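Okay, structure first, notes after.
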Amino acid sequence: MRIASLHPTATRILRDLGVQGQLVGVSHACRQPDGAPTLPVLTRRSLHAGLSPLEAERVLASAMRGGWPLHHVRAEALAEVCPDLIVTEGPCRVQGDAPGGAAAPLEEALPDGAVLLNLRAGTVAGVLRDVQAVARATRLPDGGEDVLRRARHAWSAVKPVRHAPRVLTLEWPEPACVGGHWVPEQVRRAGGRAVLATPGGTPRHVSWDDVRTADPDVIVMMCCGEGLSGNEGFARNLRAHPALSTLRAVQDGQVWAVDAAEHFSYATLGIVRGAAVLASVLAGQDLPGESRRVTA
(Lines of atoms letter the chains of each structure in order from A and count residues from 1; the text may use other names and numbers.)
(Lines give C-alpha, C1' and ligand atoms only; values in the text may rest on other atoms or scores of the structure.)
Protein backbone atom coordinates (compact mmCIF):
# COMPACT_ATOMS: atom_id res chain seq x y z
CA MET A 1 0.00 0.00 0.00
CA ARG A 2 1.18 3.52 -0.83
CA ILE A 3 0.44 5.89 2.06
CA ALA A 4 0.65 9.69 2.14
CA SER A 5 0.76 11.42 5.52
CA LEU A 6 -0.30 15.06 5.67
CA HIS A 7 0.15 15.59 9.41
CA PRO A 8 2.72 14.66 12.10
CA THR A 9 -0.01 12.81 14.01
CA ALA A 10 -0.58 10.50 11.06
CA THR A 11 3.13 9.86 10.54
CA ARG A 12 3.68 9.02 14.20
CA ILE A 13 0.72 6.63 14.30
CA LEU A 14 1.99 4.89 11.16
CA ARG A 15 5.39 4.62 12.86
CA ASP A 16 3.84 3.16 16.02
CA LEU A 17 2.02 0.58 13.91
CA GLY A 18 5.23 -0.37 12.10
CA VAL A 19 4.02 0.56 8.62
CA GLN A 20 6.12 3.68 8.06
CA GLY A 21 7.91 1.78 5.30
CA GLN A 22 4.78 2.18 3.18
CA LEU A 23 4.98 5.99 3.28
CA VAL A 24 5.44 7.67 -0.09
CA GLY A 25 5.17 11.27 1.12
CA VAL A 26 4.87 13.37 4.28
CA SER A 27 3.98 16.89 5.37
CA HIS A 28 6.53 19.66 5.86
CA ALA A 29 6.05 19.32 9.62
CA CYS A 30 6.76 15.58 9.75
CA ARG A 31 10.05 14.14 10.85
CA GLN A 32 11.42 11.98 8.05
CA PRO A 33 11.47 8.24 8.93
CA ASP A 34 14.80 7.15 10.40
CA GLY A 35 17.08 5.25 8.05
CA ALA A 36 14.82 5.72 5.04
CA PRO A 37 15.31 7.70 1.84
CA THR A 38 14.04 11.27 2.06
CA LEU A 39 10.36 11.28 1.18
CA PRO A 40 8.60 13.89 -0.97
CA VAL A 41 7.13 16.78 1.02
CA LEU A 42 3.45 17.10 0.16
CA THR A 43 2.46 20.27 2.02
CA ARG A 44 3.68 23.82 2.53
CA ARG A 45 3.12 25.99 5.54
CA SER A 46 0.86 29.01 5.53
CA LEU A 47 2.35 30.25 8.80
CA HIS A 48 5.54 32.23 8.22
CA ALA A 49 8.68 31.05 10.00
CA GLY A 50 10.32 33.31 12.57
CA LEU A 51 7.16 34.71 14.15
CA SER A 52 7.14 35.41 17.87
CA PRO A 53 4.76 33.30 19.99
CA LEU A 54 2.32 36.22 20.15
CA GLU A 55 2.45 36.81 16.39
CA ALA A 56 2.03 33.10 15.66
CA GLU A 57 -0.95 32.91 18.00
CA ARG A 58 -2.64 35.84 16.24
CA VAL A 59 -2.22 34.17 12.84
CA LEU A 60 -3.50 30.87 14.24
CA ALA A 61 -6.54 32.50 15.82
CA SER A 62 -7.39 34.30 12.57
CA ALA A 63 -7.11 31.05 10.60
CA MET A 64 -9.34 29.20 13.06
CA ARG A 65 -11.99 31.94 12.94
CA GLY A 66 -11.99 31.76 9.15
CA GLY A 67 -11.96 27.97 9.04
CA TRP A 68 -8.68 27.92 7.11
CA PRO A 69 -5.90 25.37 7.59
CA LEU A 70 -2.37 26.37 8.53
CA HIS A 71 -0.91 24.50 5.59
CA HIS A 72 -1.84 23.67 2.03
CA VAL A 73 -1.44 20.36 0.23
CA ARG A 74 0.72 20.58 -2.90
CA ALA A 75 -1.58 19.20 -5.59
CA GLU A 76 1.13 18.20 -8.06
CA ALA A 77 3.30 16.53 -5.42
CA LEU A 78 0.35 14.54 -4.04
CA ALA A 79 -0.65 13.35 -7.50
CA GLU A 80 2.91 12.30 -8.33
CA VAL A 81 3.20 9.87 -5.40
CA CYS A 82 -0.05 8.08 -6.40
CA PRO A 83 -1.24 7.24 -2.87
CA ASP A 84 -3.75 4.51 -2.10
CA LEU A 85 -4.37 5.98 1.36
CA ILE A 86 -4.08 9.58 2.57
CA VAL A 87 -4.03 10.13 6.34
CA THR A 88 -4.41 13.60 7.82
CA GLU A 89 -5.87 15.50 10.76
CA GLY A 90 -8.35 18.35 10.50
CA PRO A 91 -9.23 20.45 7.45
CA CYS A 92 -6.90 20.42 4.43
CA ARG A 93 -6.98 22.39 1.23
CA VAL A 94 -5.20 21.50 -2.01
CA GLN A 95 -3.43 24.16 -4.03
CA GLY A 96 -1.31 24.07 -7.18
CA ASP A 97 2.28 25.26 -7.21
CA ALA A 98 1.49 28.28 -9.40
CA PRO A 99 1.39 31.54 -7.39
CA GLY A 100 -2.11 32.69 -6.49
CA GLY A 101 -3.75 29.41 -7.45
CA ALA A 102 -7.17 28.65 -6.01
CA ALA A 103 -7.37 26.20 -3.10
CA ALA A 104 -9.97 23.44 -2.91
CA PRO A 105 -10.96 21.14 -0.02
CA LEU A 106 -8.90 17.96 -0.11
CA GLU A 107 -12.07 15.87 -0.27
CA GLU A 108 -12.84 17.45 -3.65
CA ALA A 109 -9.37 16.95 -5.12
CA LEU A 110 -8.30 13.42 -4.21
CA PRO A 111 -6.01 11.59 -6.63
CA ASP A 112 -7.77 8.80 -8.52
CA GLY A 113 -8.35 5.75 -6.36
CA ALA A 114 -7.11 7.34 -3.14
CA VAL A 115 -8.95 6.86 0.16
CA LEU A 116 -8.91 9.70 2.72
CA LEU A 117 -8.75 9.02 6.47
CA ASN A 118 -9.17 12.13 8.65
CA LEU A 119 -8.16 11.78 12.30
CA ARG A 120 -10.02 13.86 14.89
CA ALA A 121 -9.17 12.55 18.37
CA GLY A 122 -9.58 14.87 21.35
CA THR A 123 -9.37 12.38 24.24
CA VAL A 124 -7.27 9.37 25.19
CA ALA A 125 -10.08 7.04 24.12
CA GLY A 126 -10.32 8.93 20.84
CA VAL A 127 -6.61 8.47 20.21
CA LEU A 128 -6.96 4.71 20.66
CA ARG A 129 -9.89 4.70 18.23
CA ASP A 130 -7.87 6.65 15.65
CA VAL A 131 -4.95 4.24 15.97
CA GLN A 132 -7.34 1.36 15.39
CA ALA A 133 -8.84 3.14 12.37
CA VAL A 134 -5.38 3.62 10.84
CA ALA A 135 -4.50 -0.01 11.53
CA ARG A 136 -7.62 -1.18 9.76
CA ALA A 137 -7.14 1.21 6.85
CA THR A 138 -3.59 -0.11 6.36
CA ARG A 139 -4.93 -3.68 6.58
CA LEU A 140 -2.82 -4.84 9.47
CA PRO A 141 -3.66 -8.51 10.12
CA ASP A 142 -4.63 -7.97 13.76
CA GLY A 143 -6.17 -4.53 13.22
CA GLY A 144 -3.57 -3.03 15.54
CA GLU A 145 -4.78 -4.98 18.57
CA ASP A 146 -1.28 -5.92 19.77
CA VAL A 147 -0.10 -2.30 19.69
CA LEU A 148 -3.27 -1.11 21.41
CA ARG A 149 -3.04 -3.82 24.07
CA ARG A 150 0.48 -2.73 24.96
CA ALA A 151 -0.58 0.93 25.03
CA ARG A 152 -3.47 0.21 27.41
CA HIS A 153 -1.15 -1.80 29.65
CA ALA A 154 1.41 1.02 29.73
CA TRP A 155 -1.33 3.55 30.59
CA SER A 156 -2.54 1.37 33.47
CA ALA A 157 1.03 0.87 34.68
CA VAL A 158 1.67 4.60 35.25
CA LYS A 159 2.24 5.08 38.98
CA PRO A 160 0.44 8.24 40.13
CA VAL A 161 1.73 10.40 42.94
CA ARG A 162 -0.40 10.42 46.07
CA HIS A 163 -0.30 14.06 47.11
CA ALA A 164 -2.50 15.27 44.19
CA PRO A 165 -0.70 18.52 43.33
CA ARG A 166 -2.49 21.22 41.37
CA VAL A 167 -0.88 21.33 37.93
CA LEU A 168 -0.92 24.06 35.29
CA THR A 169 0.04 22.86 31.81
CA LEU A 170 0.87 25.57 29.28
CA GLU A 171 0.51 24.78 25.58
CA TRP A 172 1.53 28.27 24.53
CA PRO A 173 3.44 31.04 26.33
CA GLU A 174 1.94 34.23 24.90
CA PRO A 175 -0.91 34.64 25.29
CA ALA A 176 -0.94 31.88 27.87
CA CYS A 177 -2.88 28.83 26.71
CA VAL A 178 -3.69 25.92 29.02
CA GLY A 179 -3.40 22.35 27.76
CA GLY A 180 -6.68 20.81 26.64
CA HIS A 181 -7.94 17.67 24.90
CA TRP A 182 -6.13 14.64 26.43
CA VAL A 183 -3.67 16.65 28.58
CA PRO A 184 -5.95 16.92 31.66
CA GLU A 185 -6.40 13.14 31.44
CA GLN A 186 -2.62 12.73 31.41
CA VAL A 187 -2.35 14.95 34.49
CA ARG A 188 -5.04 12.95 36.29
CA ARG A 189 -3.39 9.63 35.40
CA ALA A 190 -0.13 10.96 36.85
CA GLY A 191 -1.91 11.78 40.11
CA GLY A 192 -2.30 15.52 39.66
CA ARG A 193 -5.25 17.88 39.38
CA ALA A 194 -5.30 19.98 36.21
CA VAL A 195 -6.13 23.63 36.93
CA LEU A 196 -7.92 25.96 34.50
CA ALA A 197 -8.58 22.99 32.20
CA THR A 198 -11.33 20.48 31.40
CA PRO A 199 -10.71 16.89 30.18
CA GLY A 200 -11.59 16.68 26.49
CA GLY A 201 -12.03 20.44 26.21
CA THR A 202 -10.16 22.63 23.78
CA PRO A 203 -7.00 24.46 24.90
CA ARG A 204 -8.03 27.58 26.80
CA HIS A 205 -6.51 31.05 26.80
CA VAL A 206 -6.04 32.50 30.28
CA SER A 207 -4.68 35.74 31.68
CA TRP A 208 -1.79 35.99 34.10
CA ASP A 209 -4.38 37.17 36.64
CA ASP A 210 -6.12 33.81 36.17
CA VAL A 211 -2.82 32.02 36.75
CA ARG A 212 -2.05 34.05 39.88
CA THR A 213 -5.51 33.31 41.26
CA ALA A 214 -5.12 29.58 40.56
CA ASP A 215 -1.59 29.63 42.06
CA PRO A 216 -0.69 26.08 40.95
CA ASP A 217 1.73 23.83 42.81
CA VAL A 218 3.44 22.79 39.58
CA ILE A 219 3.75 24.44 36.15
CA VAL A 220 4.65 22.31 33.14
CA MET A 221 5.67 24.05 29.93
CA MET A 222 4.61 21.94 26.94
CA CYS A 223 4.33 24.40 24.06
CA CYS A 224 2.74 22.86 21.01
CA GLY A 225 5.19 21.02 18.76
CA GLU A 226 8.25 22.02 20.81
CA GLY A 227 10.90 19.64 22.09
CA LEU A 228 12.52 19.74 25.50
CA SER A 229 15.07 22.42 24.61
CA GLY A 230 12.48 24.83 23.21
CA ASN A 231 10.24 24.40 26.22
CA GLU A 232 13.17 25.01 28.57
CA GLY A 233 13.58 28.42 26.98
CA PHE A 234 9.89 29.22 27.36
CA ALA A 235 9.97 28.02 30.98
CA ARG A 236 12.91 30.31 31.78
CA ASN A 237 11.02 33.24 30.32
CA LEU A 238 8.03 32.37 32.47
CA ARG A 239 10.15 32.20 35.63
CA ALA A 240 11.57 35.64 34.81
CA HIS A 241 8.14 37.21 34.21
CA PRO A 242 7.70 39.94 36.86
CA ALA A 243 3.99 39.25 37.22
CA LEU A 244 4.61 35.61 38.17
CA SER A 245 7.41 35.85 40.73
CA THR A 246 5.07 35.24 43.66
CA LEU A 247 3.57 32.04 42.27
CA ARG A 248 3.92 29.03 44.55
CA ALA A 249 5.37 26.92 41.70
CA VAL A 250 8.01 29.55 40.89
CA GLN A 251 9.06 30.04 44.50
CA ASP A 252 9.17 26.29 45.20
CA GLY A 253 11.20 25.45 42.09
CA GLN A 254 8.34 23.54 40.49
CA VAL A 255 8.51 24.90 36.94
CA TRP A 256 9.22 22.12 34.45
CA ALA A 257 9.81 21.68 30.73
CA VAL A 258 8.91 18.55 28.76
CA ASP A 259 9.26 17.20 25.24
CA ALA A 260 5.82 18.22 24.02
CA ALA A 261 6.35 17.15 20.41
CA GLU A 262 6.91 13.56 21.43
CA HIS A 263 4.48 13.13 24.33
CA PHE A 264 1.81 15.85 24.51
CA SER A 265 1.13 17.83 21.34
CA TYR A 266 -0.09 15.12 18.98
CA ALA A 267 -2.92 12.61 19.22
CA THR A 268 -0.66 9.56 19.12
CA LEU A 269 0.36 6.76 21.45
CA GLY A 270 3.12 9.07 22.67
CA ILE A 271 0.56 10.51 25.09
CA VAL A 272 0.76 7.25 27.06
CA ARG A 273 4.44 7.83 27.73
CA GLY A 274 3.53 11.46 28.43
CA ALA A 275 1.45 10.41 31.43
CA ALA A 276 4.45 8.53 32.82
CA VAL A 277 6.66 11.58 32.22
CA LEU A 278 4.19 13.74 34.16
CA ALA A 279 4.14 11.22 37.02
CA SER A 280 7.93 11.57 37.26
CA VAL A 281 7.65 15.36 37.14
CA LEU A 282 5.12 15.36 39.97
CA ALA A 283 7.45 13.08 41.94
CA GLY A 284 10.25 15.61 41.43
CA GLN A 285 12.33 13.45 39.10
CA ASP A 286 14.02 14.59 35.88
CA LEU A 287 13.91 12.19 32.94
CA PRO A 288 16.90 12.82 30.63
CA GLY A 289 15.71 13.95 27.22
CA GLU A 290 12.06 14.02 28.29
CA SER A 291 11.65 16.42 31.23
CA ARG A 292 13.71 18.91 33.19
CA ARG A 293 13.16 21.14 36.20
CA VAL A 294 13.86 24.76 35.25
CA THR A 295 15.20 26.76 38.17
CA ALA A 296 16.90 29.71 36.51
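Numbering (UniProt numbering), first residue to last: 1 to 296.
Here a beta-carbon is modelled for each residue, glycine too, at the ideal position from N, C-alpha and C.
Quantities reported herein were computed from a predicted structural model and do not represent experimental measurements.
For W256, the secondary structure class from DSSP, reduced to helix, strand or coil, is strand.
DSSP lists L23, L85 as the bridge partner or partners of I3.
Our two residues, L39 and T11, have alpha carbons roughly 12 Å apart in a direct line.
In this structure, L23 sits near L14, with a CB-CB distance shorter than 8 Å. The C-alpha of G192 lies about 43 Å from the C-alpha of R74. Between S245 and A276, the alpha-carbon positions lie close to 29 Å from each other.
Contact check between the stretch 173–183 and the stretch 193–212: three or more CB pairs, one atom from each, fall below 8 Å, which counts as touching.
The beta-carbon distance between V19 and V41, rounded to whole angstroms, is 20 Å. This is too long to meet the 8 Å contact definition. The Cβ atoms of N118 and T88 lie closer than 8 Å to each other. P8 sits buried, since 16 or more C-beta atoms from the chains shown fall within 10 Å of its C-beta. Here DSSP, grouped into helix, strand and coil, assigns R139 to coil.
Taking C-beta atoms as the reference points, A214 and V195 count as a pair closer than 8 Å. Contact between the stretch 263–279 and the stretch 230–243 is absent: fewer than three C-beta pairs spanning the two stretches fall below 8 Å.
Within the stretch 136–183, the complete alpha helix (DSSP H) runs of at least 4 residues fall at 145–157. For L238, the enclosing alpha helix (DSSP H) has its first and last residue at 228–240. Of A135, G274, S5, the smallest CA-CA separation from A157 is found for G274. In the pairwise beta carbon analysis, the stretch 160–174 is classified as not touching the stretch 119–137: fewer than three pairs are separated by under 8 Å. With a contact defined as Cβ atoms closer than 8 Å, P165 and L282 qualify at about 6 Å. Selection T268, E185, L247 evaluated against A151 yields T268 as nearest (Cα-Cα). Between G143 and the set A154, W208, V131, the nearest pair of CA atoms involves V131.
Around the CB of P105, fewer than 16 other CB atoms lie within 10 Å, so the residue is classed as exposed. Cβ atoms of I271 and V127 come within 8 Å of each other, at about 6 Å. Cβ-Cβ distances below 6 Å link A190 to P160, A275, L278, A279, L282 in the same chain, with the five nearest sequence neighbours on each side left out; the list follows chain order. Taking all protein chains shown into account, V147 has 16 or more neighbouring C-beta atoms within 10 Å of its C-beta and is therefore buried.
Annotation for V272: the continuous alpha helix (DSSP H) segment containing it runs 270–282. Scanning S5, W256, R31 for the CA closest to the CA of G90 turns up S5. When the beta-carbon positions are compared, G253 and T295 come within less than 8 Å of each other.
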